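Right, one structure below, let's go through it.
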Amino acid sequence: MPVSTPTLPEPTEDVSGGERDLISRRLVQTRWQVKFIDLCTGFATLCSAILAYLLVLSLIDHWLWELTRGQRLAALVALLVGVCWFFVWKMLPAVIYPVNPVYAAHTIEQAAPELKNSLVNLLTLGKQRAAMRGMVYDGLRRQAEQRLAKVPSEVLVDRSGLIRVGYAFVALLAVAATYKVLSPKDPFTSIARIAAPWKQIDRPSRVQINELSPGDVEIYRGASIDISARVTGLRGDEQPTIFFSTEDGQFVEQTLDMTADEYNSFRATLTTGPEGIQQSLTYQLRAGDAQSPIYRVTAKAAPSISIRQLRYEYPRYTQIPERTVTQPLDIDAIEGTRIHIEAEANSPIRQAYIELFRSSSAGAAAGSAEKPQVLPMKVNGAQANAIYTLSLEQDRRTPTAASYQVRFSTEAGELNPYPVRHLIEVRPDLAPEVEFLRPRERDLQLPLDQTLTLEVRAVDPDYALDRLQLTGTVGGKTRLNENLIKESVEGPAVRTFALNPQRLGLVAGDALIYWAEAADNRHGPNGGSSPNLVRTDTYRVRIVAPQSRSNPANGQQDRQDGGQQDDQQGNDGPGGNGEAGEQQGEGQQTGNQGGGESANGTPGEQGDAEQQAGQSDTQQSAGSDSANSGAAGDQPQPGEAGDGDDESSAGDSRGDKS
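First residue of the sequence shown: 52, per our numbering; consecutive thereafter.
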């Protein structure tokens with residue numbers, strides 16, 4: 052583009068009047084039009100070149116080969132260099148420098164040939180006006196003014212170059228738009244790849260892969276990943292496939308087909324075996340002519356914590372020594388046992404705790420959304436420990452916790468994802484057993500001058516008896532309260548007691564209600580005594596008048612001799628222990644209840660029958676009258692009177708026969 056020089060004088064400086072104004076206005080107007088058209092033409096040329104350049108690169112990327120990152124970077128650099136060169140050498144001068152007036156006049160004369168160089172001659176000869184005659188110069192001036200006045204201002208500048216470049220640009224736009232509509236591959240994707248070669252933008256393809264997840268991910272060893280993607284543009288026989296390879300080379304380009312989840316949505320679960328992903332790997336989704344970037348799955352060791360050992364500290368009263376186990380890690384001990392749990396993690400611990408569940412399985416806990424009880428642990432580096440005391444619910448059968456697991460968080464705040472659930476079995480301290488070996492009768496009569504031998508058997512099935520109490524009341528007042536053992540007894544304990552009415556301050560007509568109660572040596576979690584209590588059913592002895600007023604000592608001696616003989620048969624005879632063993636489960640009831648009815652025919656009952664058989668009819672009659680009198684004074688309990696009367700009648704009948 053011609054530019055003016057600073058030494059060139061203004062050629063219109065001597066033009067006067069309205070003619071000078073006309074020539075000046077037309078020159079100024081033409082100079083601005085030339086600059087504007089040159090700038091527009093340059094800009095249109097630059098845009099056309101850029102569009103053609105990008106369209107050619109898109110065609111190469113779509114149909115010839117995939118532009119690599121280096122090629123895209125080189126293409127971007129070439130584009131930027133070309134744009135800068137064109138702007139500096141073609142457009143910047145038109146912006147900075149003004150248009151030469153002679154060039155503007157020449158432009159006007161090209162648009163209006165009828166001027167016949169009059170305007171250019173006027174401007175050129177204006178420099179030599181001093182050497183010319185005034186009439187010659189004025190003639191040239193008037194001629195140029197007259198001809199210029201006939202030329203419209205709209206045709207002063209030739210716009211054909213701008214129009215040609217504009218047509219070319221529009222044609223390129225039409226081609227690009229047609230390709231965008233008809234091509235299965237998007238040219239804008241290739242343009243984006245060229246404009247930002249550092250980004251991971253997929254090569255345009257017929258098949259489109261979108262919303263692929265999870266992409267690059269970190270997982271714990273043993274886990275698997277769910278891959279999902281939305282794929283469009285597939286043909287009927289095309290299937291999205293995952294290609295993966297592990298770092299150790301065990302799997303190379305292994306394929307995994309994806310399944311359709313919903314419209315254009317596909318899913319697959321990526322794993323390398325039944326134990327999950329154990330090694331880091333890379334994977335890529337390929338479908339039709341499309342493929343995703345290569346993503347990486349980093350497998351790392353999961354935070355884990357294992358129980359090193361369990362130390363059982365049993366209650367002192369059990370006299371079981373402490374023991375330490377490393378396997379099994381399921382807890383099984385009696386209630387009140389203190390379990391010292393020691394665990395160690397594979398990384399430093401920030402916080403550790405034990406979760407206690409009422410259910411025994413992880414599935415049941417998850418299904419019921421059970422909230423576990425939390426037991427904090429003491430932390431020391433990568434080790435943690437806690438003490439848990441086994442306990443039962445109030446029903447003495449259900450443990451307060453049926454399973455447990457150890458959880459911890461690392462210094463980075465990560466929780467161990469796969470805690471191991473262990474079972475808890477709490478065994479209750481069994482209640483003792485107690486029964487009367489003799490007499491078996493629930494309701495009997497005892498003459499005031501005789502002695503009745505009571506034989507009681509008790510046993511604690513797991514540990515030791517602490518107390519065997521014999522209690523008797525008359526009219527709600529305690530007359531008998533005797534502990535038959537003085538110290539703890541392990542195993543069965545058989546004790547006898549001689550019930551002497553006179554020593555107890557009883558009189559004829561009294562009804563003694565008695566029972567036996569056994570207590571074991573159980574202690575509660577706080578260390579205090581908390582025994583299991585069991586008592587028998589209640590028995591009744593009705594005191595009647597003495598059978599022999601003339602020689603009561605003989606009768607009393609006979610009752611004691613018979614009792615001693617029965618005691619010896621029960622303890623020393625071959626059938627004594629056997630009978631005790633057979634009756635072990637009879638007559639028992641925990642708390643305030645007792646056992647079932649006793650069988651007849653025990654040694655004590657036979658001794659009583661023999662003694663009754665040796666009495667005279669008169670004594671039996673007196674005894675019967677006294678018994679009736681005592682029964683009238685103290686009626687038997689409901690359900691027991693019938694048994695007592697039958698046995699009394701049986702004794703009277705045996706006395707009559709003798």
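Backbone N, C-alpha and C define an ideal beta-carbon position, used for all residues, glycine too. Everything numeric in this text was worked out from a predicted model, so none of it was measured.
Using DSSP with H/G/I as helix, E/B as strand and the rest coil, what is residue 392?
strand
Quick one: what does DSSP say residue 130 is sitting in, helix, strand or coil?
helix
Between the C-alpha atoms of residue 136 and residue 229, what's the straight-line distance to the nearest angstrom?
31 Å
Assigned secondary structure, residue 596 (DSSP; H/G/I helix, E/B strand, else coil):
coil
Over what stretch of residues does the beta strand (DSSP E) that includes residue 489 continue unbroken?
484-489
Reference residue 324; option with closest CA among 315, 344, 301, 308
301
Find out if the Cβ-Cβ distance for the pair residue 143, residue 104 is shorter than 9 Å.
no
Can you tell me the Cα-Cα spacing of residue 518 and residue 494, whole angstroms?
25 Å
Contact check, residue 587 vs residue 485, beta carbons under 9 Å
yes
How far does the alpha helix (DSSP H) with residue 377 in it extend, from its first residue to its last?
Where residue 377 is concerned, there is no enclosing alpha helix (DSSP H), given that its DSSP letter is neither H nor E.
Pull the bridge partners of residue 351 from the DSSP assignment, please.
271
Which one of 263, 441, 544, 357 has the shortest CA to CA distance from residue 365?
441
Nearest-angstrom Cα separation, counted from residue 590 out to residue 567:
9 Å
Express the C-alpha separation of residue 217 and residue 89 in angstroms, rounding to a whole number.
13 Å
Apply the 10 Å Cβ neighbour rule to residue 293 and answer buried if 16 or more other Cβ atoms are within range, or exposed otherwise.
buried
Within the present structure, is the beta-carbon of residue 144 separated from the nearest heavy atom of the ligand MG by less than 8 Å?
For the ligand MG, the structure offers nothing, since it holds no ligand at all.
For residue 282, the nearest candidate out of 257, 274, 474, 267 (CA to CA)
257
Kindly indicate the opening and closing residues of the beta strand (DSSP E) around residue 144.
Element bounds for residue 144: not the beta strand (DSSP E) but the alpha helix (DSSP H), 143-147.
Limits of the alpha helix (DSSP H) - the one that residue 220 falls within
211-233
Mind pulling the beta strand (DSSP E) runs of 3 or more residues that sit fully within the region 301-344?
305-308, 310-313, 316-321, 332-338
If I follow the unbroken alpha helix (DSSP H) through residue 451, where does it start and stop?
Residue 451 -> no alpha helix (DSSP H), and no H or E assigned at all.
Between the C-alpha atoms of residue 710 and residue 95, what's the straight-line distance to the nearest angstrom?
Summary: the structure shown does not reach residue 710, with the chain confined to residues 52 through 709, and so no result is reported for it.
Whole-angstrom distance between residue 469 and residue 123, CA atom to CA atom:
47 Å
Enumerate in chain order the residues of its own chain whose CB-to-CB distance from residue 710 is below 6 Å, with the five nearest sequence positions on each side excluded.
Not covered by the structure: residue 710. The range shown for the chain is 52 to 709.
Pick from 348, 352, 310, 227 that is closest to residue 338, judged by C-alpha positions:
310
Give me, in chain order, the residues of the same chain whose beta-carbon lies closer than 6 Å to that of residue 349; leave out the 5 immediate sequence neighbours on both sides.
269, 331
Three-way DSSP call (helix, strand, coil) for residue 440 in this model:
strand
How far does the beta strand (DSSP E) with residue 544 in it extend, from its first residue to its last?
544-550
DSSP state of residue 116 mapped onto helix, strand, coil
coil
What's the C-alpha gap between residue 285 and residue 98?
36 Å
Does the beta-carbon distance from residue 559 to residue 596 come in below 9 Å?
yes
Name the DSSP beta bridge partners of residue 297, please?
332
So residue 368 and residue 583 are in contact, right, with Cβ under 8 Å, and what is the actual spacing, rounded?
With 8 Å as the limit, residue 368 and residue 583 do not qualify as a contact, their Cβ atoms being about 12 Å apart.
Taking all protein chains shown into account, do 16 or more other C-beta atoms lie within 10 angstroms of the C-beta of residue 449, making it buried, or fewer, making it exposed?
exposed
Going by beta carbon distance, what residues of the same chain come within less than 6 Å of residue 360, once the five residues before and after it are set aside?
375, 377, 393
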